[in-house]
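*Asks:* Please see the structure below; I have some questions.
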Amino acid sequence: MPIDVSVVVPVYQERDNLAELVARVQQALQPTGWSFELICVDDGSTDGSPALLAELAAQRPWLRPVALARNYGQSTALQAGFERARGRYIVTLDGDLQNDPADIPALIERLQQDPDVDMISGWRRQRQDKALSRKWPSMLANRLISWATRVKLHDYGCALKAYRREIIERIHLYGELHRFIPSLAKEAGARIVEVPVRHHPRTRGQSKYGLDRTFRVILDLVLIVFFLRYRQRPLHAFGGLGLWLLVPGSLILSYLAALKLLGQDIGGRPLLMVGVMMVLMGVQLIVAGLTGELLIRIYHEGAARPQYHTRALPAPRREA
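See the structure below:
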């Protein structure tokens, strides 16, 4: 049956935090009178988290644990939770208790009261992480992602977010795309706001993030920028780059052909190899763009996937 709020929490090696997490989510949502569920997706933990979740769920019908067969990553764990969520509003947060479940009611009330907002992203304005190795890379990543995706947020890494259900139904997470949910939601037509939320220091367990995460973010950013700008027109990406190589390469070969007609030897010139390589690479890129155009049409037409999304028109104002 449909319910009001679904809280989705990916869990990995967080056994020491689970009991308090479940209790605090209950304390935050039970007084509101909303029907709710807590979906904890265990991402292949080996510390006994699945057994503890099953034990906690035995006395709490609103707790729905999910155990993945192995460690797939945070994006897959979130997607597994989204596919099982039944709520009109969907909230995500981390399982380490650094996000405060007490902030959830305010986010839901904002969605209920403001029809012009589809997604609320938390902003850890007073971040409590002690390690500079987490703060500075995060700040740089936030600015880089905001600039590249044109979705201006202070804190892309905050897991505490709230969505209308229809936005979640339009996006699909895989790989490491959980970092770019606001960008994916914007591409799906979501109107996004950012609000400050509380942030607490980690008291139990160990952080799963390291400095290598920054380099993965840069690689994923290349993917998401291509996805946002050229998903429905791959020929503009590959074909444009192909023309930049094909046109100069053709001019080089034309110049060398003219020299050959004038009787000059061009066989040993490095410029000949440069021209041939540029022409071949340009043709290959244009062909790749054409192939991408065919695939995107198969993607949309073969599976009847929509190329666009709509939203309800605002109610007309009544004249006094």
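Sequential numbering of the sequence shown, starting at 2, is according to the numbering used here. For each residue, glycine too, the CB sits at the ideal point set by N, CA and C.
Are I168 and A149 touching if we call contact CB-CB under 8 Å?
*Replies:* No, the pair does not count as a contact, with Cβ atoms beyond the cut-off.
*Asks:* For the region 115–131 against the region 139–157, are there 3 or more C-beta pairs whose distance is under 8 Å?
*Replies:* Touching, per the Cβ criterion.
*Asks:* Taking the straight line between their C-alpha atoms, what separation do you get for V152 and E195?
*Replies:* Going from the Cα of V152 to the Cα of E195 covers about 11 Å.
*Asks:* I need the DSSP call for G283, collapsed to helix, strand or coil.
*Replies:* Helix, per DSSP.
*Asks:* For the beta strand (DSSP E) that contains Y1, what are its first and last residues?
*Replies:* The requested residue 1 does not occur in the structure, where the chain is confined to residues 2 to 321.
*Asks:* Y13: which of I40, A59, W35 and D97 sits nearest, CA to CA?
*Replies:* Of the listed residues, the one whose Cα sits closest to Y13 is D97.
*Asks:* Can you tell which of L291, I225 and Y231 has the C-alpha that lies nearest to the C-alpha of I146?
*Replies:* The option with the nearest alpha carbon to I146 is I225.
*Asks:* Beta-carbon within less than 6 Å of G243's beta-carbon, same chain only, minus the 5 sequence neighbours each way: which residues are those?
*Replies:* G283, L286 and I287, listed in sequence order.
*Asks:* Starting from R203, follow the alpha helix (DSSP H) in both directions and report where the run begins and ends.
*Replies:* No alpha helix (DSSP H) holds R203; DSSP gives it neither H nor E.
*Asks:* Quick one, are the C-beta atoms of V26 and V42 less than 8 Å apart?
*Replies:* Their beta carbons are not under 8 Å apart, which means V26 does not touch V42 by this criterion.
*Asks:* Would you call I299 buried or exposed, if buried means 16 or more other Cβ atoms sit within 10 Å of its Cβ?
*Replies:* Exposed is the call here.
*Asks:* Excluding sequence positions up to five away, which residues of its chain have a Cβ less than 8 Å from the Cβ of D221?
*Replies:* Answer for D221: G176, E177, L178, R180 and F181, listed in chain order.
*Asks:* In the structure shown, what three-state DSSP assignment does G190 receive?
*Replies:* Coil at G190, not helix or strand.
*Asks:* Given a threshold of 16 other Cβ atoms within 10 Å of its Cβ, counted over all protein chains shown, does A78 qualify as buried or as exposed?
*Replies:* Answer is buried; the Cβ neighbour count reaches 16.
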